[in-house]
Amino acid sequence: MPAGTDHAWLNGSYEYMSDDPNFNPNGQLNGDWNQLQLVRPQPLSPSSGR
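So the number in this note's numbering is just where the residue sits in the sequence shown, counting from 1, plus 32.
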């Protein structure tokens with residue numbers, strides 16, 4: 033996701049990104065929207081050898 037955008041929704045055909053944690057496209061945009069879960073990568077530990 034672009035920097036500063038932590039909220040994304042997918043309806044099977046389109047994706048919607050928002051920086052507003054309270055925005056829900058259901059009821060405002062056509063389609064059945066499902067919120068995607070943000071997963072941030074964990075930093076590698078020094079003992080991992082990478």
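All C-beta atoms in this analysis are idealised placements derived from N, C-alpha and C, irrespective of residue type, glycine included.
Taking Cβ to Cβ, would you say residue i is nearer than 8 Å to residue j?
| i | j | result |
| --- | --- | --- |
| Asp38 | Leu68 | no |
| Trp65 | Pro57 | yes |
| Gly63 | Asn43 | yes |
| Ala40 | Tyr46 | no |
Alpha carbon to alpha carbon, how far is residue j from residue i? Give it in angstroms, no decimals.
| i | j | result |
| --- | --- | --- |
| Ser77 | Ser50 | 31 Å |
| Asn54 | Leu61 | 15 Å |
| Pro75 | Asp52 | 26 Å |
Terminal residues of the continuous beta strand (DSSP E) containing residue i?
| i | result |
| --- | --- |
| Leu61 | Element bounds for Leu61: n/a, residue is neither H nor E. |
| Leu68 | First-last for Leu68: undefined, no H or E at that position. |
| Leu76 | It is not in any beta strand (DSSP E) - Leu76 carries neither H nor E in the DSSP assignment. |
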